[in-house]
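The structure appears below as structure tokens.
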Amino acid sequence: MKSRDFDNCAGAGPLRHEVRRSAALSGASTVVRFAMFALAFIVIDATPAVVPSGAHAQSSNSNATPISGVMPVGTPVEIVSGLSIPWSAVPVGEEVLVSQRGTAEIVAFRPGEALRSVGSVRVFVARGDGGMLGLAVLEQGTDVWIYAYHSTTEGNRIVRMPYSNGMLGDPEVVLDGIPGGRSHNGGRIAFGPDGMLYATVGETRNLELPQDLNSLGGKILRMTPDGGIPSDNPFADSLVYSFGHRNPQGLAWDDAGQLWATEFGSDTWDELNRIEPGGNYGWPIVEGRGGNPDYIDPVMQWGTREMGPSGLAYIDGTFFIAGLTGQRLWSVTIDATGNPVATAHYTGEYGRIRHVFEGSDGNLWFLTNTRGGGDNRILSVPLAPAQ
Ligand SMILES: [Ca+2]
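Each residue of the sequence shown is one higher than the one before, starting from 63 at the first, in this note's numbering.
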């Protein structure tokens with residue numbers, strides 16, 4: 063292991079913008095929305111004493127109780143098993159499509175039924191933390207497009223394939239020439255509430271890339287569904303939405319439409335960032351909170367042993383983070399003073415967790431990634447209002 067996240071690279075999956083499903087929680091959601099705005103001001107003020115730092119925050123804020131949001135309840139149940147290093151999953155109708163990092167194939171299943179292959183990409187390589195990474199789905203009328211971020215010998219790319227009658231059609235390239243390598247490939251893709259496709263790109267261990275606005279490495283990208291540059295992107299003629307990232311692998315939007323992202327740090331701090339268009343998130347000058355006004359500090363940070371964040375989801379006022387290195391699921395809620403509170407779930411119980419999302423049954427689903435590939439699973443657990 064050259065580094066703790068050499069094989070951690072996992073991604074956050076394809077988070078479709080989740081539709082709120084509980085009218086009973088809408089009041090709480092409003093509270094969270096205001097709390098998030100308050101939080102934004104805290105971040106801008108960059109007051110370390112106010113913004114807790116992840117695992118440490120959990121203990122230092124042990125008296126703080128969430129005022130809103132949801133928590134998992136009960137024991138997770140297995141939805142599917144036999145997956146090989148699943149990286150991303152997207153519900154499509156009654157099915158769920160899953161990427162497995164080491165294979166060019168995408169598989170699908172209906173809950174209770176066996177896995178089957180639905181198609182593959184032809185140009186493909188799996189090495190280091192690269193391979194078949196993020197998936198996203200775009201439904202246009204009766205047409206369904208499956209987007210995939212995958213590695214090739216020439217770097218990473220995003221393709222899309224029509225999905226009909228249970229099979230993927232031929233891939234067409236959406237974006238080529240994304241930097242790639244053995245590690246720090248990023249790889250999460252998701253459509254935002256604005257209808258644009260976002261992608262997290264790692265710096266491939268090239269420290270020159272994150273601060274170079276002419277490179278797509280160490281960036282979060284924003285593009286039209288066909289890979290074009292939106293006219294309202296922060297930099298002219300550029301797909302770059304934010305920069306100064308190391309290896310971001312999680313994307314989610316809150317109720318206010320604000321984008322958030324998780325990011326693997328190096329040896330000290332893993333990050334949850336509130337993403338501003340054109341923002342510089344500091345790598346490689348700063349890891350975690352540096353208090354340097356030239357860079358945007360993370361809203362929360364965790365010691366790298368406790369976290370190793372891949373997938374990110376936002377459901378009913380609560381962030382859920384797949385802790386790969388930390389082998390646990392994290393939730394982040396807001397306490398009565400407007401501060402985020404992180405809570406760990408299932409530490410060590412299910413091994414490495416790659417991705418988390420709202421499943422087709424409305425429960426919280428998460429993907430396991432035990433070392434060696436083996437027999438990995440998707441697990442489901444109900445959510446209930448936080449007490
Ligand atoms: Ca940072």
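The C-beta atom is built at its ideal place from N, Cα and C for all residues, glycine as well.
Residue i bridges to which residues according to DSSP?
i	result
F253	L259
S182	E167
E157	V154
A314	W322
V302	L283
G217	T214
W392	I383, A406
Q162	P148
A198	Y209
N309	F326
D274	Beta-bridge pairing links D274 to no other residue.
V132	P447
S226	M229
V139	S442
E234	R222
D191	Its beta-bridge partners do not exist; DSSP assigns none.
I291	I291 is not bridged to any residue.
How would you label residue i, buried or exposed, when you count the other beta carbons within 10 angstroms and need 16 or more for buried?
i	result
D437	exposed
E175	exposed
T405	buried
T430	buried
A117	Low confidence applies to A117: its pLDDT is 37, below 50, so where it sits in the model is not reliable, and the reading given next is rough at best. When all chains shown are included, A117 counts as buried.
N354	exposed
T215	exposed
R390	buried
A170	buried
L197	buried
V135	exposed
V139	exposed
D359	buried
N227	exposed
G279	buried
S245	buried
D356	exposed
Q162	buried
Report, in whole angstroms, the separation of the C-beta atoms of residue i and residue j, which I expect to be a contact under 8 Å.
i	j	result
G254	L321	7 Å
E234	R219	That pair is no contact at about 11 Å.
Y211	A261	6 Å
M494	P402	Because residue 494 is not part of the residues shown, which for the chain are 63 to 449, the question remains open.
I396	A151	Between A151 and I396 the Cβ distance is about 27 Å, and since that is not below 8 Å, they are no contact.
W43	R284	With the chain covering only 63 through 449, there is no way to say anything about residue 43.
Y225	I208	5 Å
L159	I168	6 Å
Y376	D316	5 Å
T380	M369	With a Cβ gap of about 17 Å, T380 and M369 do not count as contacting.
S423	T366	Contrary to the premise, residue 423 reads as Asp rather than Ser in this sequence. Contact doesn't hold; Cβ gap of about 33 Å is too wide.
F382	S393	6 Å
A398	M133	Actually they are not in contact, since the Cβ atoms of A398 and M133 sit about 16 Å apart, beyond 8 Å.
R178	E156	That belief does not hold up - the Cβ atoms of R178 and E156 are roughly 14 Å apart, past 8 Å.
L374	T432	That pair is no contact at about 21 Å.
G249	G217	So it is not a contact: roughly 12 Å between Cβ atoms.
Taking 7 Å as the line, does the beta carbon of residue i fall inside it for any heavy atom of ligand 1?
i	result
W364	no
V394	no
W207	no
V51	Beyond the ends of the chain as shown, which are 63 and 449, falls residue 51; an answer cannot be given.
E265	no
Y343	yes
E333	yes
E325	yes
P360	yes
What runs of the beta strand (DSSP E), each 3 residues or longer, lie entirely inside the region 318 to 386? Taking 3 residues as the minimum length, the beta strand (DSSP E) runs contained wholly in the region 318 to 386 are 321 to 326, 331 to 336, 362 to 365, 371 to 377, 380 to 385, in order along the chain.
Runs of beta strand (DSSP E) wholly within the region 408 to 447 (minimum 3 residues, chain order): Runs found: 415 to 420, 426 to 430, 438 to 443, 445 to 447.
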